[in-house]
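Per our numbering, the very first residue in the sequence shown carries number 33; after that it's consecutive.
Glycine residues also receive a C-beta, built at the ideal position from the N, C-alpha and C atoms.
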Amino acid sequence: VEQEIHFEAKMGDGSQPNEGIMGKLLAVGKRALTGESIFMTHFTHRGGEGKRRVAFAAPYPGKIMAINLAQIGGEITCQKDAFLCAAFGTQVTIAFNKRLGAGFFGGEGFILQKLRGDGMAFIHAGGTVVERQLNGETLRVDTGCLVAFSPGITYDIQRAGNLKSMFFGGEGLFLATLSGHGKVWLQSLPFSRMADRILAHAPSAGGRSTGEGSVLGGLGRLLDGD
């Protein structure tokens, strides 16, 4: 943060400054459903002439995507943990999948975030990011690989194959189905999948197995009496 930039934690996104207390409580309640904090940090340039800069870091390895909301219809729907920051006045709300039964089992696809405004918004994705333009086609992807989509895209969650494929195929039970006219952003490495792999390979000896699988790791265990 450069000089003359002031920041303050406030309740809500600031898109509706004249909103009453009940409206603010409802808005922060919706944010809590997505796992986000009920407070948002607002950065304001209160200095003299010229511009100042503030930098934002991604929560885990991946790519930060800059999206001009004014160029895609003033709205974007994204995964609940994809939002990073946006221009002041951008409204941050939630959107539920209309099929609640599939939504509960669909994992990441149940609760989505919706960003509305006419400024810049920044969202984060893991791994490689693919931007796809749909012109009446239908795209089926893993629910965790979906990052965001623009207005004009119809989103739904459908069962992936038959029961045998669902339980023994090693993949998710449901797929996200997107169709219509608009843009779709996909990621190759969802954070939930990366976290599962890290936990699966984490040492169970409280840090004593550092370097397992290597010569040094084997010598260390031998000296420790393991």
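Query: Start and end residues, beta strand (DSSP E) containing aspartate 174; Result: 161 to 174
Query: Residues of its chain near glutamate 34, where Cβ-Cβ distance is below 8 Å and the 5 sequence neighbours each way are ignored; Result: Arg84, Arg85, Val86
Query: Separation of alanine 98 from phenylalanine 206, as counted between CA atoms; Result: 29 Å
Query: Nonlocal neighbours in the same chain, by C-beta distance under 6 Å from glutamate 244, ignoring five residues either side; Result: Caution is warranted here: a pLDDT of 47 is assigned to glutamate 244, below 50, making its placement in the model unreliable, and the coordinate value is therefore given only provisionally. Excluding sequence neighbours, glutamate 244 sits near nothing in its chain.
Query: Check: glycine 159 C-beta below 7 Å from any heavy atom of the ligand ATP; Result: By its list of ligands, the structure shown contains no ligand whatsoever, and the ligand ATP lies outside what it can speak to.
Query: Check whether isoleucine 37 and phenylalanine 75 have beta carbons under 8 Å apart; Result: yes
Query: For isoleucine 70, three-class secondary structure by DSSP; Result: coil
Query: Where glutamine 103 falls: helix, strand or coil (DSSP); Result: helix
Query: Cβ pair valine 216, arginine 164 closer than 8 Å; Result: yes
Query: Exposure label - phenylalanine 265; buried when at least 16 CB within 10 Å; Result: Coverage of the chain is limited to positions 33 through 258, which leaves residue 265 absent and any answer about it impossible.
Query: Which of helix, strand or coil DSSP assigns to arginine 84; Result: coil
Query: Terminal residues of the beta strand (DSSP E) in which phenylalanine 181 lies; Result: 178 to 181
Query: Residue range of the beta strand (DSSP E) that includes phenylalanine 120; Result: That residue, phenylalanine 120, is in no beta strand (DSSP E); it is neither H nor E in DSSP.
Query: With 16 other Cβ atoms within 10 Å as the buried cut-off, status of histidine 233; Result: exposed
Query: Residue from Gln219, His156, Leu147 whose Cα sits closest to the Cα of threonine 175; Result: Gln219
Query: Selected residue, minimal CA-CA separation from glutamate 107, among Ser224, Lys146, Cys177, Ile126; Result: Lys146
Query: Exposure label - glycine 61; buried when at least 16 CB within 10 Å; Result: exposed
Query: Which listed residue (Leu221, Ile70, Ala227) has its alpha carbon closest to that of glycine 159; Result: Leu221
Query: N- and C-terminal bounds of the alpha helix (DSSP H) containing aspartate 228; Result: 223 to 232
Query: Distance CB(glycine 94)-CB(histidine 156) smaller than 8 Å; Result: yes
Query: Same chain, Cβ closer than 7 Å to isoleucine 96, five either side skipped, listed in chain order; Result: Ala90, Leu116, Phe154, His156
Query: Collapsed DSSP secondary structure at alanine 127 in the structure displayed; Result: strand
Query: Assigned exposure category for leucine 231 - 16 Cβ within 10 Å defines buried; Result: exposed
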